[in-house]
Every structure is written in C-alpha cells, then in structure tokens.
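The sequence shown maps to residues 85 to 279 in this note's numbering.
Think of the CB as a built atom: it goes at the ideal place given N, C-alpha and C, for glycine as much as any other residue.
Only one structure is covered here, and it is reproduced in the block below.
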Amino acid sequence: MSLFSNLTKEQIDQIIATQTANDLPTVSDPDKAYADLTRQEYLDYVTNYRDFELGLINKATTDTSLIDQAKEDREKASALTAGMAERNRSRYGAALTPVQQQQQDRRLQLGNTLGGIQAVSDAKIAQRESNTRLLSDLINIGQGVNRSSQQQLAASAANKVQLDNAYRQAKANSRAQTYSTLGTLGAMAIFAFAF
C-alpha cells in the first residue's frame, strides 16, 4: 500500500507543488547560476568519474588479460592431453613399442604446440576486439555528452537572440507608445488652447 494511496489527486499535487516551491532557491542571476551549475558538474566529473574513465582508457590500450590466460591454458592443456593419453593406454591395456610411444609423444607435442599457437592467436584477436569495443564505447559516450552540450549551447544561444530581439522590440514599442502619447497630449494641448 502506497503512502499516498489515501490522498486525493489534488492533495498529492499540492504536496508536490509545496515541496518543489520550498526546495528551489530563488535565482536572481541566471547566467551566474548556469555558470555555477556547469562548474559544479565539471568538478563532479573530476571527482567521481575522471579516474575511472582514465583507467578504462588505459585498460583499453594496454590490457592483455585474454592473451595471458590463453598462455596459461596452453600449458594446462598440454598436461591434460598427456594425462588423457596415458589414462587411455592404461585403461585399454595398450602396450606400445618404444617407437610407437615416441611417435605418440611427438604427435601430442605437435598437437599441443599447434593448439597453443591457435589459442594465443585467437586470444590476440579477441583481445584486440575487446579493447577496440571498450574504446569505441568510451568515444560514443564522450560524443553523446559533447552532442548534448552542443545542443544545449545552441538552444541557449537561440534563446539569448530571442531575448535580445524581444527586448529591442519591446524598447521600440515603448518608444513608439511614448511618442504617440506625447503626440496625443500635444494635440490635446493645442486643441485646448485653441478653444
């Protein structure tokens, strides 16, 4: 059950309006307020996100964890393959001649070497793709923030132009109205003295 379930819509709207009106400071200089807000957002970025972002960039340019893991796995795979061959020989009671044993060992060694080379090569490709994807994501995030900032600046500039135009128009209208009023008063004065 919600905290507001027993309240009417009007009561909820009143609570929200009261909270919003009481929580917001009065702004006398919007330009300074916007500058302060922008500065605080930058300081928040530096404090909370910059080190993390720089760490991700460093990781994307230097990370070799997949390659290192593939090298470790290569050594483990060689030992596992040799153990499997030995267990299979003992399980099935195969007796190999020294030449057959030598050939089997040689094939296992070649197979392990080729498999290890393939695993490391695949890991290098996967590592490059992972690092590139991370850098691309960071670039996309940065471009999104930049695009949003540019749009806000463009909107702000357009609003400023509209405000200046409205001010000039209002000033011209005021001047015209003042001249019109003075002309009307002058005409009335002339008519008053004429009669």
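According to DSSP, is residue i helix, strand or coil?
i	result
P114	helix
G177	coil
T165	helix
T92	coil
Buried or exposed for residue i, please, with buried defined as at least 16 other CB atoms from any protein chain shown within 10 angstroms of its CB.
i	result
I209	exposed
L150	buried
A179	exposed
A207	buried
K255	exposed
A154	buried
Hey, could you find the ends of the alpha helix (DSSP H) residue i is sitting in?
i	result
P182	P182 to A278
T145	R134 to T146
Using a Cβ-Cβ cutoff of less than 8 Å, which residues in the same chain neighbour residue i once the five nearest sequence positions on both sides are dropped?
i	result
T148	Q211
T197	none
S233	none
Leaving aside the five residues before and after residue i along the sequence, list all residues of the same chain whose C-beta is less than 7 Å from its C-beta, in chain order.
i	result
D157	A203
L192	T165, A166 and A169
Thinking residue i and residue j are a contact (beta carbons under 8 Å), I'd like their distance in whole angstroms, please.
i	j	result
N215	A144	5 Å
L222	I141	6 Å
Who are the Cβ neighbours of residue i in its own chain at under 6 Å, not counting the five residues just before and after it?
i	result
T146	none
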